[in-house]
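Numbering (full-length UniProt numbering), first residue to last: 1 to 298.
All C-beta atoms, glycine included, are put in the ideal place defined by N, C-alpha and C.
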């Protein structure tokens, strides 16, 4: 079995059977391509069926010189998934990474913005341009609904259920969830939708996409990153932020103000509560208040 055939089959498996997004499939594929580059550079001729744990160990040793433990752990995880697939399909009888442990990375706490920093970023938007109204609606939605950037750019007008105070979000694996939306968030989306978007020359196929560029086409992830980066520079923000920072801030601020962790899990679209629990480590100050308020022996 050749590497290109194995990789293509694996990509189809990730897409069809696991329902992963193109971005996730690309990340998994990149891990395998790094292994292939190592084999080629070191003139190691082997197939996905024949490669053994000793070759894999050499590869991990080499990458450990250039990447941090967190990246190493991600690459090892990606390769384990690939070889587990080959075992599942009976191409191999074992996984060469089965006994290889990932480096300990600790738990990285998500970066967050304060409420004042979020207000400053939104206030820095130039509302004299059509794109300004759109960008304000975008930031309000990232922070107000805690959506991922991929969910934001794919948000449709038909996903807006404003009378019920919800939006429908399509997340990882095409899983859909309903997220509550505030009056102020609805106000800015409606301003953009009814006063700016209606004047665009909307291209075929993008009629239902909410956030569009000036040419009437869907915004890219890169464009959202650029918008946020430029605003951060404008207010001289020292933190390195991204669209995901608004999602982290959404969850953190809800938790700090007493929201239930299960409710936050549902709004974020986390399959496991353990993923959401990382926010418990961001700010523990409210926990003493909970104890004093609700414990019978306070």
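Candidates the options, of which the one nearest residue i by Cα
i: residue 328; options: 174, 265, 220; result: Here the chain has residues from 1 to 298 only, and residue 328 is not among them.
i: residue 226; options: 241, 215, 55; result: 241
i: residue 96; options: 197, 120, 123, 48; result: 48
i: residue 230; options: 121, 252, 2, 256; result: 121
i: residue 206; options: 45, 31, 154, 12; result: 154
i: residue 90; options: 272, 1, 193; result: 1
i: residue 195; options: 246, 73, 6, 132; result: 132
i: residue 81; options: 42, 30, 38; result: 30
i: residue 254; options: 84, 5, 145; result: 145
i: residue 175; options: 83, 18, 11; result: 18
i: residue 61; options: 123, 23, 35, 86; result: 35
i: residue 83; options: 10, 58, 244, 275; result: 10
i: residue 85; options: 40, 28, 184, 119; result: 28
i: residue 267; options: 168, 197, 79; result: 168
Delimiting residues of the beta strand (DSSP E) encompassing residue i
i: residue 180; result: 176-180
i: residue 170; result: 166-170
Close Cβ partners of residue i (< 8 Å) along its chain, the five nearest in sequence each way excluded
i: residue 99; result: 53
i: residue 214; result: 130, 131, 200
i: residue 24; result: 14, 172
i: residue 57; result: 100
6 Å Cβ shell around residue i - same chain, five flanking residues per side excluded
i: residue 269; result: 171, 177
i: residue 259; result: none
Inter-residue Cα distance where the pair is residue i and residue j
i: residue 235; j: residue 200; result: 29 Å
i: residue 137; j: residue 228; result: 13 Å
i: residue 33; j: residue 257; result: 45 Å
i: residue 26; j: residue 8; result: 12 Å
i: residue 75; j: residue 187; result: 43 Å
i: residue 143; j: residue 73; result: 30 Å
i: residue 37; j: residue 50; result: 17 Å
i: residue 111; j: residue 272; result: 21 Å
i: residue 94; j: residue 6; result: 16 Å
i: residue 204; j: residue 216; result: 9 Å
i: residue 252; j: residue 42; result: 47 Å
i: residue 248; j: residue 190; result: 25 Å
i: residue 21; j: residue 15; result: 7 Å
i: residue 233; j: residue 135; result: 15 Å
i: residue 238; j: residue 140; result: 21 Å
i: residue 293; j: residue 263; result: 20 Å
i: residue 69; j: residue 246; result: 26 Å
i: residue 92; j: residue 40; result: 22 Å
i: residue 124; j: residue 202; result: 27 Å
i: residue 79; j: residue 163; result: 47 Å
i: residue 244; j: residue 275; result: 15 Å
i: residue 88; j: residue 12; result: 14 Å
i: residue 198; j: residue 184; result: 20 Å
i: residue 119; j: residue 261; result: 25 Å
Close beta carbons around residue i, own chain, < 7 Å, minus the five adjacent residues each side
i: residue 77; result: 102
i: residue 55; result: 44, 46
i: residue 166; result: 178, 179, 180, 181
i: residue 192; result: 133, 134, 137
Alpha helix (DSSP H) segment containing residue i, residue limits
i: residue 253; result: 243-256
i: residue 267; result: 261-268
i: residue 28; result: 22-41
i: residue 225; result: 221-234
i: residue 114; result: Residue 114 -> no alpha helix (DSSP H), and no H or E assigned at all.
- Does the segment 207-226 come close enough to the segment 148-163 that 3 or more CB-CB pairs lie under 8 Å? Counting Cβ pairs under 8 Å, three or more are found: they touch.
- Just checking, does the segment 220-237 make contact with the segment 136-150 on the three C-beta pairs under 8 Å criterion? yes
- Check whether the segment 176-184 touches the segment 122-133, taking contact to mean three or more Cβ pairs, one atom from each stretch, closer than 8 Å. Cβ pair count under 8 Å is below three, so no.
- Message: Check whether the segment 56-67 and the segment 111-118 are in contact - that is, three or more C-beta pairs closer than 8 Å.
- Response: no
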